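In the numbering used here, the protein residues as written are 5 to 321. Using N, Cα and C, we set each Cβ at its ideal position, and we do this for glycine too. The structure presented is a predicted model; accordingly, all values stated were derived computationally and were not measured. Step one of this worksheet: look at the structure below.
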């Protein structure tokens, strides 16, 4: 199988910060707004380089969305940044009415998502945000896997015509994708060719999927690994092509079962190619406090959990 090298662990939110600066250099219409979380969203460099294009909205997320929508109507490209819980659930009405319904060109930057937020616990570990954002018509949902891909996805989001939801996190995770690989919204990245089972995943779990594939290879099992960095619009044909080849799949995501990547893939399979699929997700529950590594293991999100699910899927063929 193709081998990937961990270039060094770094948080994906820093990839967003670097991508935001690059997007700002490429297009003077790019603006950044935050709700008192400039440091947490790694917007410091953008604010320092483009102070006239940075707006500190204070702890007023709903107002931030309205300001961004208004700026988008004037032709600007605003990025709004906050914790995933605050920039989705707290302002869902504003996102629906002022961003999605109006199809305003607002980019929603969401950090500290999922259980890998760790010790902050269930109140901040958003596991429902992908479902909320997928439900909004015309809104792209992007969940990149590492620093490099998050940086490139941020640049791509600035160039995308329409609202985009970008999901990333706080913990340092392996950085392994090519730094110079352009990000294409809507593309599925096939990271490893296989014939026995397809591991379909996104975000922090992509690296775990690759490690699971390596462990399975040692047992004589050939696993295909798909990085579905764009959950919406979903590249159904790429997923179906892999399912036709392997005949079964695992869908793993740092999100609850309802409305996430798993249901998106299941919908594609049910409509065109019914296939045995095992789901690795947060089930129907809230998160809990612990280190990211402890929680990944406890919830079955690590390589061992994914490899186990892959064997179950193969057994169902």
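Would you please state the rounded distance, in angstroms, between the beta carbons of residue i and residue j? I believe it to be under 8 angstroms.
i, j, result
"residue 258", "residue 195", "In fact, because the Cβ distance is near 17 angstroms, the residues do not count as touching under 8 angstroms."
"residue 323", "residue 50", "Outside the shown range of the chain (5 to 321) lies residue 323, about which nothing can therefore be said."
"residue 212", "residue 306", "6 angstroms"
"residue 117", "residue 130", "5 angstroms"
"residue 147", "residue 171", "5 angstroms"
"residue 161", "residue 168", "4 angstroms"
"residue 253", "residue 204", "6 angstroms"
"residue 64", "residue 263", "At roughly 28 angstroms, the Cβ-Cβ gap does not stay under 8 angstroms, so residue 64 and residue 263 are not in contact."
Grab me the residues of residue i's own chain with a C-beta within less than 6 angstroms of its C-beta, minus the 5 sequence neighbours each way, in chain order.
i, result
"residue 92", "133, 136"
"residue 192", "230, 232, 239, 242"
"residue 41", "86"
Using only alpha-carbon positions, find the residue among the options that is nearest to residue i.
i, options, result
"residue 158", "20, 321, 12", "20"
"residue 86", "46, 53, 220", "46"
"residue 6", "244, 48, 221, 154", "221"
"residue 278", "320, 27, 298, 143", "320"
"residue 101", "253, 70, 183, 176", "70"
"residue 10", "115, 82, 152", "152"
"residue 120", "285, 314, 181, 61", "285"
"residue 301", "236, 126, 122, 269", "122"
"residue 244", "63, 270, 223", "270"
"residue 298", "57, 223, 125, 166", "125"
"residue 90", "312, 76, 236, 39", "39"
Ignore the nearest five residues each way along the sequence and tell me which others in residue i's own chain have a CB closer than 7 angstroms to its CB.
i, result
"residue 250", "198, 199, 200, 201, 202, 228"
"residue 283", "255, 261, 266"
"residue 106", "73"
"residue 12", "179"
"residue 16", "148, 150, 151, 154, 172, 173, 177"
"residue 31", "81, 162"
"residue 18", "46, 151"
"residue 96", "136"
"residue 14", "151, 176, 179"
"residue 183", "152"
"residue 181", "149, 150, 152, 153"
At what residues does the alpha helix (DSSP H) containing residue i begin and finish?
i, result
"residue 89", "88-92"
"residue 71", "65-77"
"residue 171", "Taken as a continuous stretch (DSSP letters only), residue 171 belongs to no alpha helix (DSSP H), being part of the beta strand (DSSP E) at 168-171."
"residue 298", "296-302"
"residue 139", "Element bounds for residue 139: n/a, residue is neither H nor E."
"residue 315", "307-319"
"residue 219", "209-221"
Could you compute how far the alpha carbon of residue i sits from the alpha carbon of residue j?
i, j, result
"residue 225", "residue 316", "12 angstroms"
"residue 33", "residue 79", "7 angstroms"
"residue 141", "residue 294", "35 angstroms"
"residue 185", "residue 179", "13 angstroms"
"residue 110", "residue 94", "17 angstroms"
"residue 287", "residue 206", "17 angstroms"
"residue 128", "residue 308", "26 angstroms"
"residue 248", "residue 280", "11 angstroms"
"residue 8", "residue 156", "18 angstroms"
"residue 103", "residue 215", "38 angstroms"
"residue 310", "residue 53", "42 angstroms"
"residue 143", "residue 99", "10 angstroms"
"residue 59", "residue 27", "16 angstroms"
"residue 84", "residue 113", "6 angstroms"
"residue 22", "residue 145", "20 angstroms"
"residue 66", "residue 75", "15 angstroms"
"residue 56", "residue 29", "13 angstroms"
"residue 164", "residue 234", "13 angstroms"
"residue 115", "residue 166", "20 angstroms"
"residue 313", "residue 61", "44 angstroms"
"residue 77", "residue 24", "20 angstroms"
"residue 272", "residue 291", "28 angstroms"
"residue 296", "residue 304", "12 angstroms"
"residue 190", "residue 68", "27 angstroms"
"residue 44", "residue 223", "42 angstroms"
"residue 289", "residue 246", "30 angstroms"
"residue 276", "residue 88", "33 angstroms"
I need the boundaries of the beta strand (DSSP E) containing residue i, first residue and last residue.
i, result
"residue 58", "58-60"
"residue 114", "111-115"
"residue 230", "227-231"
"residue 151", "Counting along the chain, residue 151 falls outside any beta strand (DSSP E), though it belongs to the alpha helix (DSSP H) covering 151-163."
"residue 283", "281-284"
"residue 236", "234-236"
"residue 121", "Unbroken run through residue 121: none, as it is neither H nor E."
"residue 46", "Per DSSP, residue 46 belongs to no beta strand (DSSP E) and is neither H nor E."
Which same chain residues end up closer than 8 angstroms to residue i when comparing Cβ atoms and leaving out the 5 residues on each side of it in sequence?
i, result
"residue 318", "200, 201, 225, 252"
"residue 48", "21, 42"
"residue 236", "137, 138, 143, 144, 145, 268"
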